[in-house]
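Below is one structure; the comments refer to it alone.
Residue numbers (our numbering), protein chains in the order written: chain V, 112 to 764; chain P, 112 to 764.
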């Protein structure tokens with residue numbers, strides 16, 4: 112350590128992921144609050160700025176930080192281009208500010224001495240020396256005035272204490288002996304990383320008529336239906352050749368019949384592996400047309416990346432060193448002893464050829480990126496090495512900052528967070544299993560109100576082809592609607608697996624939390640025009656999401672108290688736009704209660720009268736203050752999605 | 112980033128101060144729990160150890176970590192010599208453990224295949240290759256048995272599943288592809304850093320007879336009195352020559368009369384500065400005798416380090432560059448505008464000669480260290496640069512690991528924590544001003560139950576020469592006794608300023624929270640033999656502290672609920688020794704309530720009957736479970752200091 116003149120400490124930077132080992136996440140159109148404890152020794156005032164720039168850039172853009180309380184400082188920044196950035200905080204003793212504070216005290220006590228003004232003149236001259244021409248002239252004049260003994264000392268002090276003087280001095284502070292933090296990484300993703308609505312469908316079940324294997328063209332034909340529901344991401348399960356060896360049959364049967372199509376996640380066969388297309392779906396040219404057609408429908412295609420191989424995958428023979436070989440010479444299949452999954456060969460991340468394996472996997476992403484795909488749902492990332500993901504996602508997003516990856520892990524909390532830290536853009540959550548008020552509150556409080564919000568972007572799914580909870584199995588339409596509204600309003604990113612969701616498919620294979628006749632193992636034909644379909648309601652919910660910026664981000668999330676354990680209330684806010692959601696968690700009975708609103712979170716004052724307009728139900732209520740009555744019948748609609756409107760000042764009270 | 116085979120992540124290490132920028136603090140005789148999130152990809156088991164060594168050492172001592180819950184792992188270590196250490200965590204895939212777990216599942220399902228045993232044999236051979244001779248033979252035999260087809264496969268599996276096999280395998284795991292954290296600094300102080308009882312007295316007021324300036328010999332004569340109260344640190348305010356220029360008079364008067372002695376904190380005069388001794392106190396030889404005499408009385412002398420100068424300090428002429436010079440050529444005195452402290456010149460840490468200033472200040476410590484002093488109470492450290500302290504305290508404690516420094520800052524919370532981070536051993540606290548139950552709970556929860564406990568060692572003082580709160584001014588004997596018991600049982604480090612404390616001096620200078628006729632500005636004569644003196648009670652409290660290891664550390668601190676806002680209960684525990692303190696905060700009225708004890712913290716089971724024996728009052732009560740009645744009359748004794756004794760199993764219930 113060398114001898115220094117620094118006197119300011121900067122601690123506890125936010126956002127900061129694992130002490131700065133990983134970049135924090137932000138997105139285009141999202142205000143990021145940078146916070147830090149900034150304080151000096153003694154009682155001198157300090158000043159601080161946050162600076163940011165593209166990683167390794169040469170110049171810093173800066174925003175002044177403002178003090179909150181208890182030596183905490185903050186500034187809000189917004190970055191307009193996706194990419195890698197870094198930020199830092201610079202703090203210094205505010206010498207002119209301290210002098211002016213003391214001068215004001217001396218003025219009030221009438222104890223100003225000539226030397227006090229001379230000290231100020233010296234400080235002002237120091238600032239003038241580094242100011243632009245205009246300000247230099249102004250400040251030089253001020254310095255001269257301060258030591259002009261022909262003017263009354265109190266009058267000279269008052270001149271120095273003018274507000275515009277403070278601003279001019281702050282603008283050019285030479286920051287003597289400033290303290291500068293190490294730069295902290297900030298990854299700025301495009302806006303869709305923050306706000307997206309996913310719809311999953313199996314292309315092979317997309318044929319208009321029963322009995323035919325669906326194709327990419329059938330998916331194109333389905334697009335108006337998906338677009339009309341207001342989704343923006345169309346996610347397709349794996350589109351690759353499916354293995355024949357140990358192929359699974361209907362309902363996960365150990366052996367498939369001769370005509371059974373197998374699971375799309377058993378990747379690889381005679382027609383190729385992770386960069387090939389299952390012939391019955393179409394050609395690469397067809398896929399490219401599909402990607403283009405999606406764009407025309409305001410949709411974006413997400414592909415599935417499942418890094419595992421069927422025994423027929425070309426890599427098994429080309430790169431046996433990427434798999435685990437057993438003492439008997441066979442390749443190790445997936446197991447959860449005593450269960451065996453002989454149709455799947457996991458990759459061995461303890462291979463002697465990590466470079467070969469890692470680059471091959473990275474090249475799979477690259478191949479589909481080259482076809483125009485920019486969104487990937489990644490299957491079971493927690494069964495691959497974290498350091499691989501860190502390298503791979505870093506490599507890809509540095510070259511393609513618009514790539515979005517969704518981590519499909521429903522494993523332990525620390526592992527799910529690690530995957531987000533190492534670079535996944537979005538993450539599946541425990542949403543499907545959080546049904547009680549206390550557990551929903553606990554979970555989303557952790558996601559939104561701790562530092563998890565700086566790296567983990569939750570994407571809430573009520574169900575997936577693998578997950579059909581008892582809640583949806585038995586809750587009926589109220590459960591489906593309630594989960595839809597919760598997913599769509601709790602988190603800015605959400606998705607459903609369709610058409611199973613909108614058709615409220617709810618029959619499970621006995622003993623499993625999984626669909627009966629699961630589409631993973633067989634081709635379905637869907638009759639979309641059923642009267643009970645939720646498609647119209649879904650369209651309304653997505654339209655609300657698109658119309659309300661409040662629902663397009665997570666950082667403003669706030670809970671509101673309701674004195675009924677079946678009623679859950681929370682709000683989000685973006686500028687003037689405020690959305691307050693109240694949900695009845697009871698799928699059977701009408702519930703009522705009294706709110707105790709966090710009025711500050713809603714931008715309301717204590718005694719203000721305001722209107723809450725239910726964007727779902729269309730009804731408007733007049734509310735007043737924190738305490739209001741709310742009642743919800745789940746058989747009418749299990750949720751209110753309120754927008755808040757202060758009452759016009761001329762309205763009767 | 113290079114390609115690796117690592118599969119284990121280690122995150123969120125504890126203790127960790129500011130991401131590892133500062134060492135965490137531990138002490139001799141103190142168990143330190145090292146915690147970390149340790150997890151791998153997939154479902155394989157992991158194993159982890161914590162390693163530690165002297166900083167920059169060549170070999171690591173190790174302790175195995177055990178899993179708690181939610182992927183959290185921990186190990187407790189204890190270091191026996193003061194000094195600088197570093198620790199790290201190593202984690203790896205527990206390949207033999209995973210294999211054994213899976214083997215047990217296969218055994219239960221009767222699905223063991225030869226290949227499963229052959230895989231195990233290979234893993235066991237890998238361990239054998241790095242084991243000591245005895246274990247190598249055992250493991251080689253096991254490997255041979257595993258592939259011995261003449262033995263029943265289930266029997267072979269059972270052999271591998273024996274407990275001692277697990278221990279042998281774990282002992283020699285080759286830790287393939289292990290993940291190792293960066294080393295984290297750990298500063299181990301001697302035991303007194305953790306557990307100390309301070310007594311402050313002004314030597315010049317120590318004369319046996321009135322009207323005479325006290326000397327070091329008078330302090331020696333006072334030692335039996337201090338020792339009999341059970342203190343172990345005898346802290347002397349500055350012993351240096353006192354400036355004459357602008358000397359303060361009695362009660363902080365701006366001008367001193369000709370015979371007034373001045374404040375010991377106005378350091379420096381014709382007789383020298385920070386390394387000189389005020390002639391009326393004695394000589395350096397006298398001080399050395401005092402230091403030796405203290406040792407004979409089981410006391411250790413603490414000196415005051417106040418880095419500020421009177422206008423008469425030799426540095427003012429020898430090193431004017433270390434002070435701030437004003438435009439009129441004069442040196443800047445201390446100010447809090449409009450208040451002026453013309454008797455004090457602050458040092459300027461923005462001097463052009465930081466090396467000269469820093470080393471001169473460091474040499475002040477060194478000078479007194481060379482005289483045998485090892486404890487320093489540092490006056491107003493927050494008015495000196497943090498980076499100076501970091502350098503100075505690091506430099507000193509590396510050469511003298513037994514040096515203890517107490518930070519005398521009562522400023523803002525973040526600044527007090529920063530001083531602890533940069534290296535102060537102990538810190539004064541807001542204890543004197545925390546009187547209500549909620550604010551005591553809030554404050555000590557922050558100190559003990561957050562990461563603050565890893566670097567900030569609180570030292571609780573009910574009063575100091577500068578601080579006499581309204582609570583003590585008006586609370587009478589109950590307030591003094593209650594603050595004494597709280598200071599002595601809340602924190603392992605505490606102190607009092609005497610004899611003002613034991614004589615319950617409580618008259619304040621009007622308009623100030625400070626003693627009337629403050630000893631800082633005048634010489635007192637103390638009549639110690641007053642019947643109301645708390646000396647005997649203090650002796651009893653300190654004896655309890657010495658007899659109970661539970662009170663000699665802070666890390667085991669736990670609150671206990673009492674359903675009365677005037678009753679505060681908390682416990683500490685060290686091994687079998689448990690101390691539960693219950694205090695009545697109401698200085699006027701008897702208060703009663705029911706406890707809801709944290710039985711786990713007390714080492715008790717749910718329905719256990721036990722005795723609580725009041726070490727202060729001598730009474731024993733029989734309690735049962737969490738819910739017990741407690742009543743305290745502040746005029747008898749405002750606190751119980753209970754030791755907990757499980758009832759002998761033979762006792763009637």
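In this text, a Cβ means the ideal position worked out from N, Cα and C, and glycines have one as well.
Segment limits, alpha helix (DSSP H) that includes residue i
| i | result |
| --- | --- |
| residue 653 (chain V) | 646-658 |
| residue 336 (chain P) | 327-339 |
Where residue i falls: helix, strand or coil (DSSP)
| i | result |
| --- | --- |
| residue 748 (chain V) | coil |
| residue 698 (chain P) | coil |
| residue 251 (chain P) | helix |
| residue 197 (chain P) | strand |
| residue 394 (chain V) | coil |
| residue 727 (chain P) | coil |
| residue 405 (chain P) | helix |
| residue 688 (chain P) | strand |
| residue 483 (chain V) | coil |
| residue 585 (chain P) | helix |
Residue range of the unbroken beta strand (DSSP E) whose run includes residue i
| i | result |
| --- | --- |
| residue 148 (chain P) | 143-151 |
| residue 543 (chain V) | Per DSSP, residue 543 (chain V) belongs to no beta strand (DSSP E) and is neither H nor E. |
| residue 157 (chain P) | 157-165 |
| residue 770 (chain V) | For chain V, the structure presents residues 112 to 764; residue 770 (chain V) sits outside this window and is missing. |
| residue 444 (chain P) | Note, residue 444 (chain P): premise wrong, no beta strand (DSSP E); not H, not E. |
| residue 740 (chain P) | 740-743 |
| residue 487 (chain P) | 486-490 |
| residue 175 (chain P) | 172-175 |
| residue 123 (chain P) | 119-125 |
| residue 137 (chain V) | 135-138 |
Residue i: contacting residues in chain V (beta-carbon distance under 8 Å)
| i | result |
| --- | --- |
| residue 493 (chain P) | 152, 153 |
| residue 213 (chain P) | 446, 448 |
Nonlocal neighbours in the same chain, by C-beta distance under 7 Å from residue i, ignoring five residues either side
| i | result |
| --- | --- |
| residue 271 (chain P) | 211, 214, 231, 253, 257 |
| residue 619 (chain P) | 579, 584, 625, 626, 627 |
Presumed contact (8 Å Cβ cut-off) between residue i and residue j, rounded CB distance
| i | j | result |
| --- | --- | --- |
| residue 590 (chain P) | residue 601 (chain P) | Wrong, their Cβ atoms sit about 16 Å apart, outside the cutoff. |
| residue 314 (chain P) | residue 329 (chain P) | 7 Å |
| residue 592 (chain P) | residue 648 (chain P) | 7 Å |
| residue 295 (chain P) | residue 162 (chain P) | Contact doesn't hold; Cβ gap of about 11 Å is too wide. |
Amino acids of chain P, ordered along the chain, whose beta-carbon sits closer than 8 Å to that of residue i
| i | result |
| --- | --- |
| residue 226 (chain V) | 437, 438, 439, 441 |
| residue 432 (chain V) | In chain order: nothing, as chain P lies at least about 13 Å away. |
| residue 526 (chain V) | 150, 152, 182 |
| residue 808 (chain V) | One cannot answer for residue 808 (chain V) here, as it falls past the ends of chain V, which runs 112 to 764. |
Cross-chain neighbours of residue i in chain V, by beta carbon under 7 Å
| i | result |
| --- | --- |
| residue 114 (chain P) | 465, 466, 469 |
| residue 120 (chain P) | 497, 529 |
| residue 216 (chain P) | 448, 449 |
Close-in-space but distant-in-sequence residues of the same chain around residue i (CB under 6 Å, 5 per side omitted)
| i | result |
| --- | --- |
| residue 697 (chain P) | 677 |
| residue 540 (chain V) | 569, 571 |
| residue 140 (chain P) | 302 |
Chain P residues whose Cβ lies nearer than 7 Å to that of residue i
| i | result |
| --- | --- |
| residue 222 (chain V) | 449 |
| residue 129 (chain V) | 122 |
Partners in chain P for residue i, counting only beta-carbon separations shorter than 9 Å
| i | result |
| --- | --- |
| residue 208 (chain V) | Within 9 Å Cβ-Cβ: nothing; residue 208 (chain V) doesn't reach chain P, min ~14 Å. |
| residue 229 (chain V) | 437, 438, 439 |
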